[in-house]
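Trainee: Numbering (our numbering), first residue to last: 113 to 475. Where is the CB? At the ideal position from N, CA and C, for every residue including glycine. This is the structure I want to talk about, given as structure tokens.
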Ligand code: PEP
Ligand code: MN
């Protein structure tokens, strides 16, 4: 369905070909003309659709490499002339937009730090009024779907017709196995709200290392993402930015070869019949669970009244702890993870205590 919508829309740049994801690759930063040309030449036979390179780099701390700036734009022009690869750079303000357009860059992208700032996004949108160029919008660094949607809407309002969203993960204070936590539910909700916008996964900035790149890319394809953006460098260990997560074009080709491309649907009747029979059972179970949840809430309200009449507090921490620990144990015996049980029961418990305290539950 998504694929059909993409085909039916005026979007031509970001088209999936034969169910193959749209592939964006290239270095985190353009460092030298030689480096950019070497990587581009090595990527040609990887069937890459778009060559990326950062020219102006948003770095967290000052005093480190901040990109070569406009001197690198002619290098990208040469990439296109000599390899035929179309090019994309990150732009963060109107001046950078003008420079990128002057050098015939094919696609612009808005980085995560800019997406988080409506002033920057609007400045870019104003600079793009009347310009027909595809734009990719990365998610903001903070896990705020409305901000991401808002940035896409600002591009739409400026008249940009070809827009794609790039999921690059979200900053967290706690250190996890990811450089940027994926919070997959956010791009899934973006897809539900804006099904016509192609969705790409920047596995490099989600992972921050090389070992998980394949797993994250495969997971994105399992979720029916339309493309991937992956940082590639001829000498990753000595890259001037994001050295830990970059891979050589040769490793990149192996990674793409290992991926299983997925279709959203098929018209094979055996497949559909089997799916339908299992879905019928799932629907039945969902109904049972809903009925049980409703019964559980009624009992909980009854206890709530009892507590109220006896001036007993709604929250009973010891009881909550017992329920949780028991459920985790029983869940484990049934192949359900502790994390899942704890998320599920916390939602149920929150709803119960809100009802007992006479608070309105969330819509
Ligand atoms: C990048 O793509 O190199 C980059 C700076 O990305 P992000 O905006 O996702 O941090
Ligand atoms: Mn980078």
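#1: Mind listing, in chain order, the residues whose beta carbon lies closer than 5 Å to a non-hydrogen atom of the ligand MN?
#2: Nearest to residue 144 by alpha carbon, out of 265, 215, 188, 379?
#3: Hey, residue 226 and residue 233: beta-carbon distance below 8 Å or not?
#4: Can you tell me the Cα-Cα spacing of residue 462 and residue 448, whole angstroms?
#5: For residue 469, does the three-state DSSP call read helix, strand or coil?
#6: Would you be able to state if there are at least three C-beta pairs under 8 Å between the stretch 423-442 and the stretch 452-468?
#7: Going by Cα to Cα distance, which pick from 217, 204, 157 is closest to residue 171?
#8: Using a Cβ-Cβ cutoff of less than 7 Å, which residues in the same chain neighbour residue 334 once the five nearest sequence positions on both sides are dropped?
#9: Please state if the CB of residue 291 and the CB of residue 251 are separated by a distance shorter than 8 Å.
#10: Can you check DSSP and say which residues form a bridge with residue 264?
#11: What's the C-alpha gap between residue 347 and residue 379?
#12: Is the beta carbon of residue 287 within less than 7 Å of some heavy atom of the ligand PEP?
#13: Compute every distance between the C-beta of residue 317 and the non-hydrogen atoms of the ligand SAM, then say whether any falls below 7 Å.
#14: Tell me, to the nearest whole angstrom, how far the beta carbon of residue 253 is from that of residue 224; I am working on the premise that it is less than 8 Å.
#15: Going by the beta-carbon positions, is the gap between residue 237 and residue 276 smaller than 8 Å?
#16: Could you work out which residue in 195, 444, 404 is closest to residue 150 when comparing CA atoms only?
#17: Thinking C-beta only, is residue 426 closer than 8 Å to residue 419?
#18: So residue 298 packs on residue 255, CB below 8 Å; how close in whole Å?
#19: Tell me the rounded alpha-carbon separation between residue 384 and residue 235.
#20: Should residue 231 go down as buried or exposed, given a rule of 16 or more other Cβ atoms within 10 Å for buried?
#21: Distance check for residue 312 and residue 330, CA to CA, integer angstroms please.
#22: Under the three-state reduction of DSSP, which class applies to residue 314: helix, strand or coil?
#23: Under the assumption that residue 197 contacts residue 152 (Cβ atoms under 8 Å), give the Cβ distance between them as a whole number of angstroms.
#24: Where DSSP assigns a beta bridge to residue 442, which residues make up the other side?
#25: When every heavy atom of the ligand PEP is checked, does at least one fall within less than 7 Å of the C-beta of residue 224?
#26: Could you tell me if residue 176 is buried or exposed, where buried requires 16 or more neighbouring beta carbons within 10 angstroms of its beta carbon?
#27: Return helix, strand or coil for residue 377, following the three-state DSSP convention.
#28: Who are the Cβ neighbours of residue 158 in its own chain at under 8 Å, not counting the five residues just before and after it?
#29: Buried or exposed: where does residue 181 fall if 16 or more other Cβ atoms within 10 Å of its Cβ makes it buried?
#30: Which class does residue 409 belong to by DSSP, given the choice of helix, strand or coil?
Mentor: In this structure, then:
#1: My final list is 140, 354.
#2: The residue given as residue 144 occupies position 32 in the chain shown. The shortest Cα separation from residue 144 among 265, 215, 188, 379 belongs to 188.
#3: Locating residue 226 in the chain shown gives position 114, where the first residue counts as 1. Locating residue 233 in the chain shown gives position 121, where the first residue counts as 1. Going by C-beta atoms, residue 226 is nearer than 8 Å to residue 233.
#4: Locating residue 462 in the chain shown gives position 350, counting from the first residue. Locating residue 448 in the chain shown gives position 336, counting from the first residue. Each residue's Cα considered, the two are about 21 Å apart.
#5: Counting from 1 along the chain shown, the entry for residue 469 is found at position 357. DSSP places residue 469 in coil when its eight states are reduced to three.
#6: Three or more pairs of CB atoms, one per stretch, sit closer than 8 Å, so the stretch 452-468 contacts the stretch 423-442.
#7: One-based indexing of the chain shown puts residue 171 at position 59. Looking from the CA of residue 171, the closest CA among 217, 204, 157 belongs to 204.
#8: Locating residue 334 in the chain shown gives position 222, where the first residue counts as 1. Correct list, in chain order: 374.
#9: Mapped onto the chain shown, residue 251 falls at position 139. Mapped onto the chain shown, residue 291 falls at position 179. No, the Cβ-Cβ distance between residue 251 and residue 291 is not below 8 Å.
#10: Walking along the chain shown from the start, residue 264 turns up at place 152. Beta-bridge pairing links residue 264 to no other residue.
#11: By one-based count along the chain shown, residue 347 stands at place 235. By one-based count along the chain shown, residue 379 stands at place 267. Rounded to the nearest angstrom, the gap between the Cα atoms of residue 347 and residue 379 is 45 Å.
#12: Against the chain shown, residue 287 aligns to sequence position 175. No; taking the cut-off as 7 Å, the Cβ of residue 287 has no heavy atom of the ligand PEP nearer than that.
#13: The ligand SAM is not part of this structure, which contains only the ligand PEP and the ligand MN.
#14: Position 141 of the chain shown holds residue 253. Position 112 of the chain shown holds residue 224. Here residue 253 really is in contact with residue 224; their C-beta atoms are around 5 Å apart, less than 8 Å.
#15: Numbered from 1 along the chain shown, position 125 holds the residue referred to as residue 237. Numbered from 1 along the chain shown, position 164 holds the residue referred to as residue 276. No, the pair does not count as a contact, with Cβ atoms beyond the cut-off.
#16: Residue mapping note: residue 150 aligns to position 38 of the chain shown, counting from 1. Nearest C-alpha to residue 150: 195.
#17: Stepping through the chain shown from its first residue, residue 419 is reached at position 307. Stepping through the chain shown from its first residue, residue 426 is reached at position 314. A contact, by the Cβ cut-off of 8 Å.
#18: Translated into the one-based positions of the chain shown, residue 298 becomes position 186. Translated into the one-based positions of the chain shown, residue 255 becomes position 143. Yes, residue 298 and residue 255 are in contact; Cβ-Cβ is about 6 Å, under 8 Å.
#19: On the chain shown, position 272 is the one that residue 384 refers to. On the chain shown, position 123 is the one that residue 235 refers to. Rounded to whole angstroms, the separation of the alpha carbons of residue 235 and residue 384 is 48 Å.
#20: Here residue 231 refers to the residue found at position 119 of the chain shown. Exposed, by the Cβ-count rule.
#21: Along the chain shown, one-based indexing puts residue 330 at 218. Along the chain shown, one-based indexing puts residue 312 at 200. Looking at the two C-alpha atoms, the distance is approximately 12 Å.
#22: Here residue 314 refers to the residue found at position 202 when the chain shown is read from its first residue. Reduced to three states, the DSSP call for residue 314 is strand.
#23: In the chain shown, residue 197 corresponds to position 85, counting from 1. In the chain shown, residue 152 corresponds to position 40, counting from 1. With 8 Å as the limit, residue 197 and residue 152 qualify as a contact, their Cβ atoms being about 6 Å apart.
#24: Position 330 of the chain shown, counting from 1, holds the residue named residue 442. The partner list for residue 442 (beta bridge, DSSP) is empty, contrary to what the question assumes.
#25: For the purposes of this step, residue 224 is identified with residue 112 of the chain shown, where counting begins at 1. Taking non-hydrogen atoms of the ligand PEP into account, the C-beta of residue 224 is found less than 7 Å away from one of them.
#26: Counting from 1 along the chain shown, the entry for residue 176 is found at position 64. Counting Cβ neighbours within 10 Å, residue 176 comes out exposed, since fewer than 16 surround it.
#27: Here residue 377 refers to the residue found at position 265 when the chain shown is read from its first residue. Note: residue 377 maps to coil in three-state DSSP.
#28: As a position in the chain shown, residue 158 is number 46, starting the count at 1. 135, 137, 361, 364, 365, 368.
#29: What you label residue 181 is simply residue 69 of the chain shown in a count that begins at 1. Using a 10 angstroms sphere on the CB of residue 181, the tally of other CB atoms stays under 16, which defines it as exposed.
#30: Counting from 1 along the chain shown, the entry for residue 409 is found at position 297. Residue 409: helix per DSSP, three-state reduction.
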